[in-house]
Structure formats: structure tokens, C-alpha cells
Amino acid sequence: MVVIRLSRGGAKKRPFYNLVVAHSQNRRDGRFIERVGFYNPVASGQAEALRVAFDRVDYWTSVGAQLSPTVERLIKQAKSTVAAPVVAAA
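In the numbering used here, the protein residues as written are 410 to 499.
Shown next, in the form of C-alpha cells:
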């Protein structure tokens, strides 16, 4: 089974995660098929905390890939921030 999940990188106490498409039996940080984004939980200031290639995620889910619970939550979060309209104060 193919799954979209987080692969940990970064240094000790400074986590950085790649959103990867991988076979479910591969190790967490092992071989993967494609990198579809990243998540930086310790991003500060103007640093980008989450980037997702929605077209690739949609493709992989259409061919049967499963989302891990954490990735599912992050994608919902990313879609809500992208879809939120910006209203100028008048």
C-alpha cells in the first residue's frame, strides 16, 4: 500500500518534516517515491511553515494512496489557509 506521511529531518531538537509518498513497509525516513511538500513546526517570524503540492497529493490519493492522520490534518489546515479570502478593512 502507498501512503503519504511525514519523514523527519533536521537536527536534534529542531525537527523538520518532508511530506513524502512511500510504500507503507518502508522505514519512516527511508526510501520514498516522491516528495510532495514540507512542514516546519518550529518556523518563526515570516518563515514558511507548511508547503503542499496539492496537485500531486490529489493525484496520489486518486490512484489509491492513503493519508496518515497527521498529514490529513496538515492538508486540511493548509487548504483552509489558502482558501480563506482576505478582506480589506474599509
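Positions of the beta carbon are idealized from the N, C-alpha and C atoms, including for glycine. Nothing here was measured: the structure is a model prediction, and the numbers come from that model.
Under a three-way DSSP split, which group does Pro478 fall into?
Stepping through the sequence shown from its first residue, residue 478 is reached at position 69. DSSP, read as helix, strand or coil, puts Pro478 in helix.
On the criterion of 16 or more Cβ atoms from any shown chain inside 10 Å, does Gly446 qualify as buried, or is it exposed?
Sequence index remark: in the sequence shown, residue 446 carries index 37 (1-based). That one is buried.
Length-filtered (4 minimum) alpha helix (DSSP H) runs lying within the stretch 434-469
none
Give me the Cα-Cα distance between Trp469 and Arg423, rounded to the nearest whole angstrom.
Here residue 469 refers to the residue found at position 60 of the sequence shown. Here residue 423 refers to the residue found at position 14 of the sequence shown. Their Cα atoms are separated by approximately 29 Å.
Which residues does DSSP list as the beta-bridge partners of Gly418?
Translated into the one-based positions of the sequence shown, residue 418 becomes position 9. Gly418 pairs with Phe425.
From the DSSP secondary-structure annotation, give me the bridge partner or partners of Ala431.
On the sequence shown, position 22 is the one that residue 431 refers to. According to DSSP, which records beta bridges pairwise, Ala431 is partnered with Val412.
Count the other CB atoms within 10 Å of the CB of Phe441; is the residue buried (16 or more) or exposed (fewer)?
Translated into positions along the sequence shown, residue 441 becomes position 32. It counts as buried.
Would you check if the distance between the CB atom of Val429 and the CB atom of Ala474 is smaller than 7 Å?
Reading the sequence shown from its first residue, position 20 is the one you call residue 429. Reading the sequence shown from its first residue, position 65 is the one you call residue 474. Contact flag unset, no.
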